[in-house]
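**Q** Going letter by letter, the sequence shown gives residues 1 to 252 in UniProt numbering. I have a structure here, written as structure tokens, and I will follow up with some questions on it.
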Amino acid sequence: MRAFALLSTVALAIWGAVAAPLESSLERRAATVYTRCTTANTAALTFDDGPYIYLYDIVNTLDAAGAKGTFFFNGNNYGCIYSADNMARVKYAYNHGHQVASHTWAHKDLTTLTWDQIHDEMWRVEQALVRIVGAYPAFMRPPYGNYNSLVLEASGVRGQGVVIWDFDSQDSLGASAQTSRNLYNNIANQRPSTILALNHETIETTAHNVVAYAIQRLQSAGYRLVTLSECLGKPAYQSTAAPQTPDSSWRC
Ligand SMILES: [Zn+2]
């Protein structure tokens with residue numbers, strides 16, 4: 001043990017001498033892509049494309065069931081995240097213990113963009129979340145689930161994991177509420193160890209006809225409905241601080 005410790009010390013000293021030039025390449029390693037939860041018996045309900053008018057109903061439904069959800073917010077998709085209504089919605093989700101994350105700024109297909117354009121889509125919504133609730137998100141879901149090596153590298157530089165899903169309620173594909181409920185029923189019957197579910201905050205039937213059913217069905221199948229952070233066992237945020245005070249620079 002002692003010899004090993006000494007060798008390790010020598011090795012570390014040598015490594016320290018050569019490590020510096022490698023650091024920049026290490027920092028630019030591609031982001032990890034998460035397609036499923038890892039904590040057994042958890043299900044993470046995720047809601048994309050908001051903040052939008054159904055946020056309160058979704059949060060209240062989650063809260064009433066003792067469930068947590070994760071919201072992948074855009075900055076300027078269905079509306080500007082800096083409108084008074086949308087800032088209140090973002091705060092409501094965050095203050096009720098749900099996770100907030102990035103769905104990037106304007107819901108562009110990131111695989112069609114340049115390196116600089118990708119970062120532009122990313123930092124704008126990160127800045128908005130830091131301003132509005134003080135949280136710098138650790139996770140990003142690319143619009144349409146589309147990514148390439150450039151997107152992964154950009155996410156890696158920004159310290160973010162890339163999140164996809166392993167279950168789709170198909171609400172954004174035009175599925176009826178009954179179809180989405182059937183899909184939840186089927187997955188609950190199949191009973192995989194974990195579920196990472198894609199939903200959309202912007203679809204009225206999801207908010208009013210699907211989420212309550214999905215929660216009830218998954219809970220009765222023995223799942224804990226948790227944030228993405230909890231289902232992965234990883235921090236939700238790279239940093240948290242107090243919300244900032246709006247000024248004229250907060251605009252879309
Ligand atoms: Zn989306």
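Where a beta carbon is used, it is the ideal one built from N, C-alpha and C, also for glycine.
Within the present structure, is the beta-carbon of Asp48 separated from the nearest heavy atom of ligand 1 by less than 7 Å?
**A** Stepping through the sequence shown from its first residue, residue 48 is reached at position 48. Within the cutoff, so yes.
**Q** Quick one: any contact between the region 79–89 and the region 111–121, if contact means 3 or more CB pairs under 8 Å?
**A** At 8 Å Cβ cutoff, the stretches do not touch.
**Q** In this structure, does DSSP put Ala163 in helix, strand or coil?
**A** Numbered from its first residue, the sequence shown carries residue 163 at position 163. Sequence check: residue 163 is Val here, not Ala. Of the three classes helix, strand and coil, the one that applies to Val163 here is strand, per DSSP.
**Q** Assuming Ser149 and Ala30 are in contact, meaning their beta carbons sit under 8 Å apart, how far apart are those beta carbons, in whole angstroms?
**A** By 1-based counting over the sequence shown, the position of residue 149 is 149. By 1-based counting over the sequence shown, the position of residue 30 is 30. With 8 Å as the limit, Ser149 and Ala30 qualify as a contact, their Cβ atoms being about 7 Å apart.
**Q** Quick check: does the Cβ of Pro143 come within less than 7 Å of any heavy atom belonging to ligand 1?
**A** By one-based count along the sequence shown, residue 143 stands at place 143. Yes - ligand 1 has a heavy atom lying nearer than 7 Å to the Cβ of Pro143.
**Q** In the DSSP assignment, what residue or residues form a beta bridge with Pro137?
**A** Locating residue 137 in the sequence shown gives position 137, where the first residue counts as 1. Per DSSP, Tyr237.
**Q** Verify whether the separation of the beta carbon atoms of Phe72 and Ala93 is less than 8 Å.
**A** Working through the sequence shown from its first residue, we reach residue 72 at position 72. Working through the sequence shown from its first residue, we reach residue 93 at position 93. It is not a contact, given that the beta carbons lie outside the stated cut-off.
**Q** Would you decide whether Thr38 is buried or exposed? Buried here means 16 or more other CB atoms lie within 10 Å of its CB.
**A** Taking the first residue of the sequence shown as position 1, residue 38 is located at position 38. The residue in question, Thr38, is exposed, as its Cβ has fewer than 16 Cβ neighbours within 10 Å.
**Q** Ends of the alpha helix (DSSP H) at Leu198?
**A** The residue you call residue 198 lines up with position 198 of the sequence shown. Unbroken run through Leu198 is the beta strand (DSSP E), 195–200; no alpha helix (DSSP H).
**Q** Pairing CB atoms from the region 32–46 with CB atoms from the region 189–203, are three or more of them under 8 Å?
**A** Yes, they touch.
**Q** Ordered along the chain, which non-local residues of its own chain (more than five positions away) have a Cβ less than 8 Å from that of Glu201?
**A** Numbered from 1 along the sequence shown, position 201 holds the residue referred to as residue 201. The answer, listed in chain order, is Phe47, Asp48, Asp49, Gly50, Pro51, Tyr52, Tyr54, Leu55, Ile58, Phe71, Ala207.
**Q** Considering only C-alpha positions, which residue in the set Tyr78, Ala84, Ile132 is nearest to His107?
**A** Residue mapping note: residue 107 aligns to position 107 of the sequence shown, counting from 1. Of the candidates Tyr78, Ala84, Ile132, the one whose C-alpha sits nearest the C-alpha of His107 is Tyr78.
**Q** Check the C-beta distance from Pro137 over to Val163 and give it rounded, since I have them as a contact under 8 Å.
**A** As a position in the sequence shown, residue 137 is number 137, starting the count at 1. As a position in the sequence shown, residue 163 is number 163, starting the count at 1. Contact doesn't hold; Cβ gap of about 10 Å is too wide.
**Q** Are Leu198 and Ser239 closer than 8 Å when you measure CB to CB?
**A** As a first step, residue 198 is located in the sequence shown; it is residue number 198 there, counting from the start. As a first step, residue 239 is located in the sequence shown; it is residue number 239 there, counting from the start. Not a contact, by the Cβ cut-off of 8 Å.
**Q** Measure the alpha-carbon distance for Tyr237 versus Thr227 and round it to whole angstroms.
**A** As a working mapping, residue 237 is identified with position 237 in the sequence shown. As a working mapping, residue 227 is identified with position 227 in the sequence shown. Rounded to whole angstroms, Tyr237 to Thr227 spans 12 Å at the Cα level.
**Q** Please look up how many angstroms separate the CB atoms of Asn209 and Ala177, rounded, as I've assumed it's under 8 Å.
**A** Position 209 of the sequence shown, counted from the start, is the residue given in the question as residue 209. Position 177 of the sequence shown, counted from the start, is the residue given in the question as residue 177. Yes, they are in contact, since the Cβ atoms of Asn209 and Ala177 sit about 4 Å apart, within 8 Å.
**Q** Report whether the distance from the Cβ of His103 to the nearest heavy atom of ligand 1 is below 7 Å.
**A** For the purposes of this step, residue 103 is identified with residue 103 of the sequence shown, where counting begins at 1. Correct: His103 has its Cβ closer than 7 Å to ligand 1.
**Q** Taking its Cβ as the centre, do 16 or more other Cβ atoms sit within 10 Å of Arg28, making it buried, or is it exposed?
**A** Looking up residue 28 in the sequence shown gives position 28. By the 10 Å Cβ count, Arg28 comes out exposed.
**Q** In terms of alpha-carbon separation, which member of Gly69, Gly159, Arg181, Ile215 lies closest to His96?
**A** Within the sequence shown, the letter at position 96 stands for residue 96. That would be Gly69, whose Cα lies nearest to the Cα of His96.
**Q** Quick one: what's Asp171 bridged to in DSSP?
**A** As a first step, residue 171 must be located in the sequence shown, where it is residue number 171. According to DSSP, Asp171 bridges with nothing at all.
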